[in-house]
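Position 225 (the sequence shown) corresponds to 224 in numbering that gives the first Met the number 0; numbering is contiguous.
Just so you know, even glycine gets a beta-carbon here, dropped at the ideal spot from N, CA and C.
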Amino acid sequence: MTIVGRFESCHLAGAAGPYATYAQLRSSGPVLRTTDLFGGAWLLTTHEAVQAALRDPRLSARRTGGWVMRNSMRGSERRRELVGLQRLFARAMLFVDKPSHPRLRQAMQAGFRPSAIEALKPFVIGSVERLLDDMERTHADRPCDFIECFARVLPARIIARLLGLFEVNATEFLTWSSDLAAFIGASLPDEDQTERALCSIMAMGKYFERVLEDESSFSQDGILRLLVQAQKSGQIEKGPELLAQCAMLLFAGHETTRHFLGTSIYWLLRNRDAWDSIRADPTLVKGAVRELLRWDSPVQYTGRRANCDLELHGTKIRRGDLVLPLIGAANRDPAEYADPDAIQIDRRSGMPLSFGSGPHVCIGAALTLMEAEVAIAAIVRRWPGLDVVPESDNWIDSPLYRGMASLHLRLPPRPGRATRATHAVQERSVLSGVLHEAEPHWNGGRVLTSLPLERT
Ligand code: HEM
Numbered sequence: 000m001t002i003v004g005r006f007e008s009c010h011l012a013g014a015a016g017p018y019a020t021y022a023q024l025r026s027s028g029p030v031l032r033t034t035d036l037f038g039g040a041w042l043l044t045t046h047e048a049v050q051a052a053l054r055d056p057r058l059s060a061r062r063t064g065g066w067v068m069r070n071s072m073r074g075s076e077r078r079r080e081l082v083g084l085q086r087l088f089a090r091a092m093l094f095v096d097k098p099s100h101p102r103l104r105q106a107m108q109a110g111f112r113p114s115a116i117e118a119l120k121p122f123v124i125g126s127v128e129r130l131l132d133d134m135e136r137t138h139a140d141r142p143c144d145f146i147e148c149f150a151r152v153l154p155a156r157i158i159a160r161l162l163g164l165f166e167v168n169a170t171e172f173l174t175w176s177s178d179l180a181a182f183i184g185a186s187l188p189d190e191d192q193t194e195r196a197l198c199s200i201m202a203m204g205k206y207f208e209r210v211l212e213d214e215s216s217f218s219q220d221g222i223l224r225l226l227v228q229a230q231k232s233g234q235i236e237k238g239p240e241l242l243a244q245c246a247m248l249l250f251a252g253h254e255t256t257r258h259f260l261g262t263s264i265y266w267l268l269r270n271r272d273a274w275d276s277i278r279a280d281p282t283l284v285k286g287a288v289r290e291l292l293r294w295d296s297p298v299q300y301t302g303r304r305a306n307c308d309l310e311l312h313g314t315k316i317r318r319g320d321l322v323l324p325l326i327g328a329a330n331r332d333p334a335e336y337a338d339p340d341a342i343q344i345d346r347r348s349g350m351p352l353s354f355g356s357g358p359h360v361c362i363g364a365a366l367t368l369m370e371a372e373v374a375i376a377a378i379v380r381r382w383p384g385l386d387v388v389p390e391s392d393n394w395i396d397s398p399l400y401r402g403m404a405s406l407h408l409r410l411p412p413r414p415g416r417a418t419r420a421t422h423a424v425q426e427r428s429v430l431s432g433v434l435h436e437a438e439p440h441w442n443g444g445r446v447l448t449s450l451p452l453e454r455t
């Protein structure tokens with residue numbers, strides 16, 4: 000058995016990321032023991048091992064118990080609260096097995112059907128164009144933080160729309176999402192991270208309780224509607240189970256996509272040939288999005304717990320052991336991908352493991368692909384000469400997520416730039432008569448305080 004020590008410390012925040020470390024791990028074997036992550040876990044390092052594990056029914060998705068176990072504040076009020084958080088989140092689809100998992104997934108599946116995603120596309124196009132207009136208006140003569148102005152805002156707007164919310168408080172929404180991400184992303188969350196996650200999940204729970212009580216506060220064609228119907232028909236339990244699905248969707252749909260939008264633009268700008276190719280032939284954006292997901296997966300690993308004693312690639316795993324399929328390592332495995340450490344947007348290698356595989360494969364994958372394709376195509380088209388301000392990429396320090404806290408871009412002047420009024424007309428046609436009537440609200444510090452969403 001190969002034991003690796005300080006795995007986590009090898010996760011250097013920065014553009015290079017953990018990929019050199021993954022290559023070393025892979026060369027030591029497909030299943031390795033780490034002593035420092037989550038108090039001991041098995042790392043899966045190859046494409047074959049990761050894919051097989053995600054489809055293996057002997058590995059359970061129920062893994063939130065560790066959140067409490069690894070927290071030493073025995074008997075304290077904080078620990079009791081943490082148990083509450085764990086109990087709530089443990090009901091979310093992402094963390095449950097059969098028979099609850101298919102029951103919950105089926106309840107919301109209709110909201111993610113290809114027809115539903117297609118119906119959302121005009122809204123995505125309109126939202127992208129408006130955000131780019133805003134960036135152009137406010138940052139014509141100074142660098143613009145792409146993460147703050149675009150990558151954080153777009154997924155929040157889209158997920159709110161998908162759920163069927165008419166209006167959300169963006170500041171609250173983004174805070175909840177960041178707090179939960181920091182907690183879930185840390186292998187040993189500190190007191191501050193734990194406290195913030197607790198406050199955010201409680202606030203999220205209260206928010207959804209309020210929204211779900213008043214059926215006029217969400218639309219008839221969103222996922223909240225599907226969940227309420229499922230609750231009425233007995234498919235989903237009222238209370239924690241229903242709230243857990245809402246919180247999971249809001250969080251899962253936002254945190255990952257925002258990172259992906261940021262890293263995609265960064266890597267395309269750092270690989271100018273790829274950028275120019277998309278500019279010359281916009282149909283290449285589809286392949287580019289899949290390749291960028293492979294190249295720098297927003298989610299680097301997931302977790303499973305062995306529900307029996309078993310053997311993986313000749314290594315004995317004991318019941319209850321934590322197994323971490325390293326998605327980021329699988330996506331760079333030379334046994335699966337020729338020249339894995341190069342970005343090749345015309346690679347025809349199918350979907351990488353970035354959305355997982357098996358029963359828990361990301362339910363939002365098609366939405367993400369559409370959103371990223373629309374956003375990247377619009378940005379390349381609008382600003383062919385877009386540039387990164389050197390060394391402005393500020394990467395987050397998390398072993399779980401790859402993404403940036405900020406990324407400053409210089410917007411090139413646009414010859415014959417369309418006026419805002421012209422865009423409003425274009426948007427009206429793009430949205431087939433559906434218009435955003437209201438402007439987003441900004442506070443003095445340029446933080447979005449509300450995101451108006453139009454009723455259709
Ligand atoms: C770049 C964007 C995204 C990435 C990289 C991503 C990644 C993933 C991964 C790796 C999983 C599987 C986790 C596991 O097996 O343990 C997953 C599941 C999930 N994702 Fe995503 N995701 C993204 C976007 C979204 C969006 C936009 C939504 C919702 C609107 C979403 C909702 C979910 C849900 C609900 C699950 C749980 C599915 C289940 O348990 O059956 N994700 N995602």
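Practice problem: Determine the direct distance from the alpha carbon of Ser391 to that of Gln105, and round the result to whole angstroms. | Solution: Stepping through the sequence shown from its first residue, residue 105 is reached at position 106. Stepping through the sequence shown from its first residue, residue 391 is reached at position 392. C-alpha separation (whole angstroms): 43 Å.
Quiz item: Residue range of the beta strand (DSSP E) that Glu310 falls in?
Solution: Within the sequence shown, numbered from 1, the residue matching residue 310 stands at position 311. Run containing Glu310: 309-311, per the beta strand (DSSP E) assignment.
Self-check item: Rounded C-alpha distance that separates Ala229 from Lys120
Solution: The residue labelled residue 229 in the question sits at position 230 within the sequence shown. The residue labelled residue 120 in the question sits at position 121 within the sequence shown. About 26 Å.
Self-check item: Exposure label - Leu187; buried when at least 16 CB within 10 Å
Solution: For this step, residue 187 is matched to residue 188 along the sequence shown. It is exposed - the Cβ of Leu187 has fewer than 16 other Cβ atoms within 10 Å.
Quiz item: Terminal residues of the continuous beta strand (DSSP E) containing Val95?
Solution: For the purposes of this step, residue 95 is taken as residue 96 along the sequence shown, with counting starting at 1. Where Val95 is concerned, there is no enclosing beta strand (DSSP E), given that its DSSP letter is neither H nor E.
Practice problem: Please report the residue range of the beta strand (DSSP E) in which Ser405 lies. | Solution: Translated into positions along the sequence shown, residue 405 becomes position 406. Taken as a continuous stretch (DSSP letters only), the beta strand (DSSP E) holding Ser405 covers 403-405.
Quiz prompt | Distance between Asp213 and Ala251 (C-alpha atoms, nearest Å) | solution = Start at 1 with the first residue of the sequence shown, and residue 251 comes out as number 252. Start at 1 with the first residue of the sequence shown, and residue 213 comes out as number 214. Spanning the two alpha carbons is a distance of roughly 24 Å.
Self-check item: Separation of Gly313 from Thr174, as counted between CA atoms
Solution: Your numbering for residue 174 matches position 175 in the sequence shown. Your numbering for residue 313 matches position 314 in the sequence shown. About 44 Å.
Quiz item: For Asp178, which residues of its own chain have a beta-carbon under 6 Å away from its beta-carbon, when the five flanking residues on both sides are left out?
Solution: In the sequence shown, residue 178 corresponds to position 179, counting from 1. Contacts found: Arg195, Ala196, Ser199.
Self-check item: Length of the line joining the Cα atoms of Ile235 and Pro98
Solution: In the sequence shown, residue 235 corresponds to position 236, counting from 1. In the sequence shown, residue 98 corresponds to position 99, counting from 1. Distance between the alpha carbons of Ile235 and Pro98: 12 Å.
Self-check item: Contacts around Glu438, its chain only, beta-carbon distance under 6 Å, and the 5 residues preceding and following it disregarded
Solution: Start at 1 with the first residue of the sequence shown, and residue 438 comes out as number 439. For Glu438, the predicted model reports a pLDDT of 35, less than 50, meaning its position is unreliable; a value from the coordinates is still stated below. Excluding residues within five positions, none has a Cβ falling inside 6 Å.
Quiz item: Given a threshold of 16 other Cβ atoms within 10 Å of its Cβ, counted over all protein chains shown, does Ser397 qualify as buried or as exposed?
Solution: Within the sequence shown, the letter at position 398 stands for residue 397. It counts as buried.
Practice problem: Using 10 angstroms around the beta-carbon of Met403, count the other beta-carbons present and answer buried if the total reaches 16, otherwise exposed. | Solution: As a working note, residue 403 is residue 404 in the sequence shown. That one is buried.
Practice problem: Using 10 angstroms around the beta-carbon of Gly432, count the other beta-carbons present and answer buried if the total reaches 16, otherwise exposed. | Solution: One-based indexing of the sequence shown puts residue 432 at position 433. Residue placement at Gly432 cannot be trusted, given a pLDDT of 26 that sits under 50; the coordinates are not used to answer.
Self-check item: Contacts around Arg57, its chain only, beta-carbon distance under 7 Å, and the 5 residues preceding and following it disregarded
Solution: Within the sequence shown, residue 57 is the residue found at index 58, counting from 1. Cβ neighbours of Arg57 beyond the five flanking positions: Ala305, Asn306, Cys307, Leu309.
Exercise. With DSSP collapsed to three states, give me the class of Pro358.
Key: By 1-based counting over the sequence shown, the position of residue 358 is 359. Reduced to three states, the DSSP call for Pro358 is helix.
Quiz prompt | Alpha carbon of Arg303 to alpha carbon of Ile316, nearest angstrom | solution = In the sequence shown, the residue the question calls residue 303 occupies position 304. In the sequence shown, the residue the question calls residue 316 occupies position 317. Whole-angstrom Cα-Cα distance: 12 Å.
Quiz item: With a CB to CB cut of under 8 Å and the five nearest residues on each side skipped, what residues in its chain are close to Asn393?
Solution: Numbered from its first residue, the sequence shown carries residue 393 at position 394. Met403, Ala404, Ser405, Leu406, listed in sequence order.
Quiz item: Closest to Asp295 by CA distance: which of Thr170, Trp41, Pro339 is it?
Solution: As a working note, residue 295 is residue 296 in the sequence shown. Taking only the C-alpha atoms, the option nearest Asp295 is Pro339.
Exercise. Could you tell me how far apart the beta carbons of Pro297 and Tyr400 are, in whole angstroms, since I believe they sit closer than 8 Å?
Key: Start at 1 with the first residue of the sequence shown, and residue 297 comes out as number 298. Start at 1 with the first residue of the sequence shown, and residue 400 comes out as number 401. A Cβ-Cβ separation of about 6 Å places Pro297 in contact with Tyr400 under the 8 Å criterion.
Quiz item: Run through DSSP, which three-state label would Glu370 get?
Solution: What you label residue 370 is simply residue 371 of the sequence shown in a count that begins at 1. Three-state result, Glu370: helix.
Quiz item: Quick one: what does DSSP say Glu390 is sitting in, helix, strand or coil?
Solution: If you number the sequence shown from 1, residue 390 lands on position 391. Note: Glu390 maps to coil in three-state DSSP.
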